[in-house]
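The numbering used here numbers the first residue of the sequence shown as 446 and each following residue consecutively.
The C-beta atom is built at its ideal place from N, Cα and C for all residues, glycine as well.
Just so you know, these numbers come straight off a predicted model, no measurement behind them.
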Amino acid sequence: KAPAKKPAAKKAPAKTAPKAPAKAPSKARQVDRKAAKGFRVNEFIVYPSHGVGQISEISNQQFGDAELELFVISFDKEKMTLLLPLDKAVENGMRKLADKTMMTGAMKTLRGRARIKRTMWSRRAQEYEAKINSGDLVATAEVVRDLYRNENQPEQSYSERQLYESALDRMAREVAAINKTELEVATANLEDVLSKATTKTSAADEASEEE
Numbered sequence: 446k447a448p449a450k451k452p453a454a455k456k457a458p459a460k461t462a463p464k465a466p467a468k469a470p471s472k473a474r475q476v477d478r479k480a481a482k483g484f485r486v487n488e489f490i491v492y493p494s495h496g497v498g499q500i501s502e503i504s505n506q507q508f509g510d511a512e513l514e515l516f517v518i519s520f521d522k523e524k525m526t527l528l529l530p531l532d533k534a535v536e537n538g539m540r541k542l543a544d545k546t547m548m549t550g551a552m553k554t555l556r557g558r559a560r561i562k563r564t565m566w567s568r569r570a571q572e573y574e575a576k577i578n579s580g581d582l583v584a585t586a587e588v589v590r591d592l593y594r595n596e597n598q599p600e601q602s603y604s605e606r607q608l609y610e611s612a613l614d615r616m617a618r619e620v621a622a623i624n625k626t627e628l629e630v631a632t633a634n635l636e637d638v639l640s641k642a643t644t645k646t647s648a649a650d651e652a653s654e655e656e
């Protein structure tokens with residue numbers, strides 16, 4: 446008889462390298478410090494293209510291989526949040542709320558005589574928009590002053606009214622943040638200043654015509 450065949454030895458299963466744990470997506474995390482670049486958390490600031498906002502936190506966020514420190518800024522009117530790198534804040538025009546000198550200049554401008562250029566409206570509209578988005582409170586006050594109309598003056602066109610309301614809102618929000626008052630109160634106070642200024646100017650013009 447032929448000898449019985451020995452059963453083949455079982456091969457040990459090949460060892461596989463352990464899988465690397467999946468990387469969790471990067472998330473923004475709050476930085477320990479509460480201030481940076483002269484700005485602090487919870488401070489109200491002005492950003493040129495959006496107006497008054499509030500720094501809600503300073504955080505780090507991963508973008509590819511780079512980690513950036515960011516200001517997280519909330520804008521109530523637009524219901525939006527802006528992530529702004531610390532190094533770009535001042536370069537992009539972010540500033541603190543107006544100080545006493547700037548506010549005095551803006552109110553003086555508001556009480557001044559309106560200056561209407563005799564150029565095409567489309568060109569003037571571009572200039573007004575540039576002033577509104579400049580972040581300069583005095584420049585914004587110029588737009589408010591030049592486009593304001595009282596009940597005795599010609600009515601505004603639709604586009605004029607839109608620009609006027611945009612400039613007035615920007616200015617009123619900053620005044621409200623500085624004085625810690627409601628937006629409606631700040632707006633009414635500014636329009637009261639405008640009304641008195643135009644009434645005074647009209648009376649002066651009438652007096653000069655009678656002489």
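Check: Top-ranked residue by Cα proximity to proline 530, from Ala543, Phe508, Ser611; Outcome: Phe508
Check: Whole-number beta carbon distance between leucine 613 and valine 589, since they are thought to touch under 8 angstroms; Outcome: 5 angstroms
Check: Extent of the continuous alpha helix (DSSP H) to which leucine 542 belongs; Outcome: Where leucine 542 is concerned, there is no enclosing alpha helix (DSSP H), given that its DSSP letter is neither H nor E.
Check: Opposing strand residues paired with isoleucine 561 [DSSP bridges]; Outcome: The partner list for isoleucine 561 (beta bridge, DSSP) is empty, contrary to what the question assumes.
Check: Exposure of lysine 576, with buried meaning 16 or more beta-carbon neighbours within 10 Å; Outcome: buried
Check: Cβ-Cβ distance between leucine 582 and valine 638 below 8 angstroms; Outcome: no
Check: Residue range of the beta strand (DSSP E) that includes threonine 526; Outcome: 525-530
Check: First through last residue of the alpha helix (DSSP H) which encompasses tyrosine 593; Outcome: Note, tyrosine 593: premise wrong, no alpha helix (DSSP H); not H, not E.
Check: Outcome for lysine 468 when other beta-carbon atoms lying within 10 angstroms are tallied against a minimum of 16; Outcome: Note that lysine 468 has pLDDT 48, beneath the 50 cutoff, so the model's placement of it is unreliable and the number below is only indicative. Its Cβ having fewer than 16 others within 10 Å, lysine 468 is exposed.
Check: Beta carbon of serine 640 nearer than 8 angstroms to that of asparagine 597; Outcome: no
Check: As assigned by DSSP and simplified to three states, the class of serine 519; Outcome: strand
Check: DSSP-derived helix/strand/coil call for asparagine 505; Outcome: strand
Check: Residue interval of the alpha helix (DSSP H) (run including valine 620); Outcome: 603-624
Check: Check whether alanine 586 and alanine 559 have beta carbons under 8 angstroms apart; Outcome: no
Check: Own chain partners of asparagine 578 with C-beta closer than 6 angstroms, once the 5 adjacent residues on each side are dropped; Outcome: Pro493, Ser494
Check: Nonlocal neighbours in the same chain, by C-beta distance under 6 angstroms from valine 620, ignoring five residues either side; Outcome: Ala631
Check: Length of the line joining the Cα atoms of threonine 626 and methionine 565; Outcome: 38 angstroms
Check: Alanine 642 (DSSP reduced to helix, strand or coil); Outcome: helix
Check: Which of helix, strand or coil DSSP assigns to valine 491; Outcome: strand
Check: Residues sharing a beta bridge with leucine 635, DSSP; Outcome: In DSSP, leucine 635 forms no bridge with anything.
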